[in-house]
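Here's the structure, in structure tokens; my notes come after.
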Amino acid sequence: MKRKSTILFGIAVVGLAAIAVFTQKQVSEAPVDGLSFMGEPVTTDEIARGQEVYAANCASCHGASLGGQPDWKRRLDTGRMPAPPHDESGHTWHHADRDLFTITKLGVGGVVPGYESDMPAYEGVLTDEEIRAVLVFIKSTWPDRERAFQANVTANDQGGS
Amino acid sequence: MPGPTYPTLRRRSFLLYSGTAVGVLALPKVLNAAEPVKPAMVTLAFDGDALLAAGSDLLRSDDGGSSWTALPVPAVVPALATHPERPGRIIAGLASGGVALSEDGGRTWEGRSRGLTEGKVDAVAMAAGQPDMIYASVQGDGLWKSEDVGQNWSLAMDRPWLADAERDLLALTSVDLATGMGGIWIYAGTPAGLTRVPDCFCRWQDVQPGDAMDALVSGDAPPSEAPLPAGDPIHALASAPSAPETLYAALPSGIWTSRDGGVVWSHLVYGYASAVAVHPVDPNHIVAALDGGLKQSRDGGATWSALAVI
Numbered sequence: 001m002k003r004k005s006t007i008l009f010g011i012a013v014v015g016l017a018a019i020a021v022f023t024q025k026q027v028s029e030a031p032v033d034g035l036s037f038m039g040e041p042v043t044t045d046e047i048a049r050g051q052e053v054y055a056a057n058c059a060s061c062h063g064a065s066l067g068g069q070p071d072w073k074r075r076l077d078t079g080r081m082p083a084p085p086h087d088e089s090g091h092t093w094h095h096a097d098r099d100l101f102t103i104t105k106l107g108v109g110g111v112v113p114g115y116e117s118d119m120p121a122y123e124g125v126l127t128d129e130e131i132r133a134v135l136v137f138i139k140s141t142w143p144d145r146e147r148a149f150q151a152n153v154t155a156n157d158q159g160g161s
Numbered sequence: 162m163p164g165p166t167y168p169t170l171r172r173r174s175f176l177l178y179s180g181t182a183v184g185v186l187a188l189p190k191v192l193n194a195a196e197p198v199k200p201a202m203v204t205l206a207f208d209g210d211a212l213l214a215a216g217s218d219l220l221r222s223d224d225g226g227s228s229w230t231a232l233p234v235p236a237v238v239p240a241l242a243t244h245p246e247r248p249g250r251i252i253a254g255l256a257s258g259g260v261a262l263s264e265d266g267g268r269t270w271e272g273r274s275r276g277l278t279e280g281k282v283d284a285v286a287m288a289a290g291q292p293d294m295i296y297a298s299v300q301g302d303g304l305w306k307s308e309d310v311g312q313n314w315s316l317a318m319d320r321p322w323l324a325d326a327e328r329d330l331l332a333l334t335s336v337d338l339a340t341g342m343g344g345i346w347i348y349a350g351t352p353a354g355l356t357r358v359p360d361c362f363c364r365w366q367d368v369q370p371g372d373a374m375d376a377l378v379s380g381d382a383p384p385s386e387a388p389l390p391a392g393d394p395i396h397a398l399a400s401a402p403s404a405p406e407t408l409y410a411a412l413p414s415g416i417w418t419s420r421d422g423g424v425v426w427s428h429l430v431y432g433y434a435s436a437v438a439v440h441p442v443d444p445n446h447i448v449a450a451l452d453g454g455l456k457q458s459r460d461g462g463a464t465w466s467a468l469a470v471i
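Same order as they appear, the protein sequences are chains G and H.
Going by our numbering, the first residue of the first sequence is number 1, and it counts up by one from there.
Going by our numbering, the first residue of the second sequence is number 162, and it counts up by one from there.
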């Protein structure tokens, strides 16, 4: 009797664990409410992946907390501008998804021909999926007002949703 | 013993030498005349139908330039801004630093400089559609903005980098054309040419045709452009509030205009232009400070008449 109870209890634990994993998977792959990228849904998994990519590739200049370089509105001695913040204090949320993707992949010169910037083009460094993930992560940090503004800019852009 | 001999100065030679001497003596004046005439007026603006003109004094005319009244500004005014939605509101950039605000057409003024860095204010502008949003360029510093008619100021953007150097902003105008970034443009004149920045202040950039990026991506021939003379200083800029794609610029070579937001420019009138303003309702009604005097055109610059001698 005692042995049977132990087995039943074990099966129940394994079952519950499986349900928890399944539920967790469902949640991480579920679309995040109120957030999209170029018209496509975004998942919590993608946001988490983007956060890792951001930490490894972007945070050194744009700040671990997305706060940008100090005094970012003042030009460097080189004539170039410092890395701006990506949080609501910056201007990233004024740009459409398509432009953010192009700037990250091709550099600022991809949207403003001839513009000189310290930011490298990430084509060949990050995959398109990684670029998308990091931008999704940045977007996920914005307050509602900035997120809504940027969604409107994206909707009005021909490459947006 | 014969005395010394002297060459005989014949009448023809005398006239020739005299003429040469007079010509040489007159040369400095001729050279001076070739230099630009010192501009009497450095900034102009319409306040409704009234005209404001500032040089050493700030003057106002309510009768089309027939008579002028001096306004009691606190300092020399190198820059003026008005807004079609706020008749009577005048923002004056001051040579001594800071800005002053009048809400009664210039009869009374108050300083509005809290938080604004020190330094001569070269240019001011009010945002199209947002008369409480004011921009000011501070010499040697950058572009500042106030969202509450000058009660509080914050740095918007450092100066633009043109031709390997930072350049002061000599002229500003808010141009009500969409940037694609949820806002509109601010155009600026510098000692080294024209530039512009979106009102999210992401970066200074050249004026590009609207479909320039599409052409770049597709490899098609770029759209036609006819920029202002490369590297020339731009003393003043004006965007017609009723037709924002219509721009006017004052350069040492004269008054120029663009009808497409600054991509293609044409030369309207020759002369040393120090200021230009466009009527708030009629985009073809312009006034310019040209060769030290004031001239007016009511047909977009095709014909001009002297406005007044102030």
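All residues carry an ideal CB built from backbone N, CA and C; glycine is no exception.
Mapping DSSP to helix, strand and coil, what is residue i?
i: Ala-240/H; result: strand
i: His-428/H; result: strand
i: Ala-345/H; result: For the record, residue 345/H in the displayed sequence is Ile; it is not Ala. Three-state DSSP puts Ile-345/H in a strand.
i: Asp-157/G; result: coil
i: Gly-90/G; result: coil
i: Ala-450/H; result: strand
i: Tyr-433/H; result: coil
i: Leu-255/H; result: coil
i: Val-134/G; result: helix
i: Leu-66/G; result: coil
i: Val-358/H; result: strand
i: Leu-76/G; result: coil
i: Ile-416/H; result: strand
i: Val-108/G; result: helix
i: Gly-50/G; result: helix
i: Ala-151/G; result: helix
i: Glu-29/G; result: helix
i: Leu-262/H; result: strand
i: Pro-224/H; result: Per the sequence presented here, residue 224/H reads as Asp, with Pro not at that position. If DSSP states are grouped into helix, strand and coil, Asp-224/H belongs with coil.
i: Asp-283/H; result: strand
i: Glu-165/G; result: Past the boundaries of the shown model lies residue 165/G; chain G is included only from 1 to 161, so the question cannot be answered.
i: Ile-295/H; result: strand
i: Ala-55/G; result: helix
i: Cys-363/H; result: coil
i: Asp-99/G; result: helix
i: Glu-406/H; result: strand
i: Arg-393/H; result: It is worth fixing the name first, because residue 393/H is Asp in this sequence and not Arg. Note: Asp-393/H maps to coil in three-state DSSP.
Compare the beta carbon distance of residue i and residue j with 9 Å and say whether it is the shorter of the two.
i: Val-285/H; j: Leu-333/H; result: yes
i: Arg-147/G; j: Phe-37/G; result: no
i: Pro-394/H; j: Thr-356/H; result: no
i: Gly-249/H; j: Leu-241/H; result: no
i: Asn-57/G; j: Gly-343/H; result: no
i: Ala-48/G; j: Ser-28/G; result: yes
i: Ala-83/G; j: Gly-114/G; result: no
i: Trp-270/H; j: Val-234/H; result: yes
i: Ser-335/H; j: Ser-263/H; result: no
i: Pro-390/H; j: Val-424/H; result: no
i: Gly-453/H; j: Ala-467/H; result: no
Check the Cβ of residue i against every Cβ in chain H and list those closer than 9 Å, keeping chain order.
i: Gly-39/G; result: What Gly-39/G touches in chain H: nothing, since even the nearest Cβ is about 17 Å away.
i: Asn-57/G; result: The premise fails here: Asn-57/G is roughly 21 Å from chain H at the closest Cβ pair, so nothing lies under 9 Å.
i: Ala-148/G; result: Neighbours of Ala-148/G on chain H: none; closest Cβ ~11 Å, over 9 Å.
Along chain G, which residues have their Cβ under 9 Å away from the Cβ of residue i?
i: Glu-327/H; result: Arg-75, Gly-79
i: Asp-337/H; result: Within 9 Å Cβ-Cβ: nothing; Asp-337/H doesn't reach chain G, min ~16 Å.
i: Asp-319/H; result: Lys-73, Arg-74, Arg-75, Met-81
Identify which residue in the options has its Cα closest to the Cα of residue i.
i: Pro-402/H; options: Ser-419/H, Trp-365/H, Leu-412/H, Val-442/H; result: Val-442/H
i: Gly-266/H; options: Ser-222/H, Gln-291/H, Ser-400/H; result: Ser-222/H
i: Glu-46/G; options: Ala-59/G, Ser-89/G, Ala-30/G, Asn-57/G; result: Ala-30/G
i: Gly-124/G; options: Ala-96/G, Leu-106/G, Val-53/G, Trp-93/G; result: Leu-106/G
i: Gly-392/H; options: Ala-399/H, Glu-406/H, Pro-405/H, Pro-413/H; result: Pro-413/H
i: His-94/G; options: Gln-457/H, Glu-406/H, Val-358/H; result: Val-358/H
i: Thr-141/G; options: Gly-109/G, Gly-67/G, Asp-118/G; result: Gly-67/G
i: Gly-259/H; options: Leu-213/H, Arg-275/H, Arg-268/H, Tyr-348/H; result: Arg-275/H
i: Gln-51/G; options: Gln-69/G, His-86/G, Phe-149/G, Pro-70/G; result: His-86/G
i: Thr-243/H; options: Val-282/H, Ala-411/H, Leu-212/H, Asn-313/H; result: Leu-212/H
i: Val-430/H; options: Gly-422/H, Val-424/H, Leu-451/H; result: Leu-451/H
i: Thr-102/G; options: Leu-135/G, Gln-150/G, Ala-151/G; result: Leu-135/G
i: Asp-151/G; options: Tyr-122/G, Thr-92/G, Pro-70/G; result: Here the sequence assigns Ala to residue 151/G, which means Asp is not the residue at that position. For the residues Tyr-122/G, Thr-92/G, Pro-70/G, the minimum Cα distance to Ala-151/G belongs to Thr-92/G.
i: Asp-367/H; options: Gly-341/H, Leu-323/H, Asp-337/H; result: Leu-323/H
i: Gly-216/H; options: His-440/H, Gly-462/H, Ala-463/H, Ser-435/H; result: Ser-435/H
For residue i, which residues in chain H fall below 8 Å Cβ to Cβ?
i: Ile-157/G; result: Strictly speaking, residue 157/G in this sequence is Asp, with Ile absent from that position. Within 8 Å Cβ-Cβ: Gly-341.
Note down, in chain order, every chain H residue with its Cβ under 7 Å from the Cβ of residue i.
i: Tyr-115/G; result: Arg-364, Gln-366
i: His-91/G; result: Cys-361, Phe-362, Cys-363
Which residues of chain C have a Cβ atom closer than 8 Å to the Cβ of residue i, listed in chain order?
i: Ala-96/G; result: No chain C appears in the structure shown, which is made up of the protein chains G and H.
Could you work out which residues of chain G lie near residue i, taking near to mean beta carbons separated by less than 7 Å?
i: Leu-316/H; result: Lys-73
i: Trp-322/H; result: Arg-75, Gly-79
Exercise. Using a beta-carbon distance cut-off of less than 9 Å, what residues from the region 73-85 of chain G approach chain H?
Worked result: Lys-73, Arg-74, Arg-75, Gly-79, Arg-80, Met-81, Pro-84
Exercise. Listed from N- to C-terminal order along the chain, which residues in the region 274-297 of chain H have their beta-carbon within a distance smaller than 9 Å of any beta-carbon of chain G?
Worked result: none
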